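Residue numbers (the working numbering), protein chains in the order written: chain U, 0 to 281; chain L, 256 to 350.
No residue lacks a Cβ here, since even glycine has one placed at the ideal position from N, Cα and C.
Being a predicted model, the structure only gives us computed values, none of them experimental.
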């Protein structure tokens, strides 16, 4: 599918300027359509057709995330996101303060462009494990009108409300029923990068709803082997089936015995949910 | 209200909260608007934003730093914090 790009308009900041450069690069290499945030804000109808026929990439310059916020304000379906300041940090590149892109800035544009192209390929070539069926046995925690389900068969949890299920050397992780009910309708999912080595409690994907944003923190350390690309198009699967088709990532585990020391079984996690529900919903 | 323990360890024993680099912070208050746990507090005097309630910070969460345009928020190392928590659990388990 053709890409439409909504970049940061940040002409007054170095990372904003690089957001524009990345948009130009993708426009040249892929024929992607650039959406001017100022015009979009003033006349959303102008881009109605372009947005209907394309997958939308949002490029934020910095953490202020103006482009993301504009997309959210207009209720646009975002398919992919890049944030230049985060990418600069990950790549260890100091792009300087000039408002004209220098060699280091352009190096970062190269890296981001390559990352976006690799991401598209990874989305079809990732290696998803089999055998992770949805659970059938649950404990429940009831608070007021809410009922939170906690699966008991082979699921472990961290105190950050993420679950893990391990089969052999492969773990599947996701967020709990408590998270999805607390966030309400999840409208955006940003997967982690396949192949990345992560520590326990590192970010393994992020979720956004109209109400809040949450980083899923991995219950296990290891290498990200697959991400649930279905969630990019249908983030609501996390609401529908948080322990099954709403899974977030699969990880080739590194040191599960050590990770396990900081994990809870269903009974212990139900006590955590009881406490959190009382705080969040009273 | 914050959790009073994390994995059975009292929250005040765990060194996990944001640090603001005031040479970078532009006091846009995005982090304070984002954080639902009242970790930050706005002040009339300088500095206009402080980490007033570090123990309210969710252990291992660093989502507020993603909202920071000038990248002024940092957190302790996760692996070091994990080791520290395990050590406290071990010591307390022995008692």
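Item: Buried versus exposed, by CB contacts within 10 Å (16 or more), residue 1 (chain U); Value: exposed
Item: Proximal residues of chain U, C-beta to C-beta of residue 261 (chain L) below 8 angstroms; Value: 158
Item: Reference residue 108 (chain U); option with closest CA among U:162, U:156, U:15 and U:216; Value: U:15
Item: Bounding residues of the beta strand (DSSP E) (the contiguous stretch that carries residue 248 (chain U)); Value: 248-252
Item: CB contact below 7 angstroms: residue 61 (chain U) versus chain L; Value: yes
Item: Cα-Cα separation, residue 42 (chain U) to residue 35 (chain U); Value: 10 angstroms
Item: Below-7 angstroms beta-carbon distance, residue 261 (chain U) vs any chain L residue; Value: yes
Item: Residue-level contact to chain L via CB, residue 11 (chain U), 7 angstroms cutoff; Value: no
Item: Cβ contact check for the region 52-66 of chain U and the region 76-85 of chain U: 3 or more pairs under 8 angstroms; Value: yes
Item: Counted within 10 angstroms of its Cβ, other Cβ atoms place residue 332 (chain L) as buried (16 or more) or exposed; Value: exposed
Item: Buried or exposed (CB count within 10 angstroms, at least 16 for buried), residue 267 (chain L); Value: exposed
Item: Below-7 angstroms beta-carbon distance, residue 282 (chain L) vs any chain U residue; Value: no
Item: Outcome for residue 154 (chain U) when other beta-carbon atoms lying within 10 angstroms are tallied against a minimum of 16; Value: buried
Item: Under 9 angstroms (Cβ pairs) to chain L, residues found in the region 184-218 of chain U; Value: 198, 199, 200, 201, 202, 205, 211, 212, 213, 214 and 216
Item: Which of helix, strand or coil DSSP assigns to residue 93 (chain U); Value: coil
Item: Secondary structure of residue 349 (chain L), DSSP reduced to three states; Value: helix
Item: Listed by chain order, chain U residues near residue 334 (chain L) by CB distance under 7 angstroms; Value: 198
Item: Any non-hydrogen atom of the ligand HEM closer than 6 angstroms to residue 188 (chain U) Cβ; Value: Of ligands this structure carries none, so the ligand HEM is not represented either.
Item: Rounded straight-line distance, which links the Cα of residue 276 (chain U) to that of residue 177 (chain U); Value: 8 angstroms
Item: Bridge partner(s) assigned by DSSP for residue 6 (chain U); Value: U:58
Item: Given residue 225 (chain U) as reference, the closest of U:247, U:237 and U:235 once Cα atoms are compared; Value: U:247
Item: Nearest-angstrom Cα separation, counted from residue 197 (chain U) out to residue 249 (chain U); Value: 12 angstroms
Item: DSSP-derived helix/strand/coil call for residue 265 (chain L); Value: strand
Item: Contacting residues, own chain, Cβ-Cβ under 8 angstroms from residue 195 (chain U) (five flanking each side not counted); Value: 222 and 223
Item: Secondary structure of residue 263 (chain U), DSSP reduced to three states; Value: strand
Item: Neighbour-count burial assignment, residue 192 (chain U), 16 or more Cβ in a 10 Å radius; Value: exposed
Item: Within 7 angstroms, strictly: CB atoms of residue 146 (chain U) and residue 139 (chain U); Value: yes
Item: Span separating the alpha-carbon of residue 175 (chain U) from that of residue 160 (chain U); Value: 6 angstroms
Item: Which residues DSSP lists as bridging residue 214 (chain U), in chain order; Value: U:205
Item: Residue environment, residue 94 (chain U), which counts as buried when at least 16 other CB atoms sit within 10 Å; Value: buried
Item: C-alpha gap between residue 115 (chain U) and residue 180 (chain U), whole angstroms; Value: 32 angstroms
Item: Assigned exposure category for residue 295 (chain L) - 16 Cβ within 10 Å defines buried; Value: buried
Item: Assigned exposure category for residue 307 (chain L) - 16 Cβ within 10 Å defines buried; Value: exposed
Item: CB of residue 271 (chain U) within 7 angstroms of CB of residue 158 (chain U), strictly; Value: yes
Item: Endpoints, beta strand (DSSP E) assigned at residue 226 (chain U); Value: 221-226
Item: Any chain L beta carbon closer than 7 angstroms to residue 84 (chain U); Value: yes
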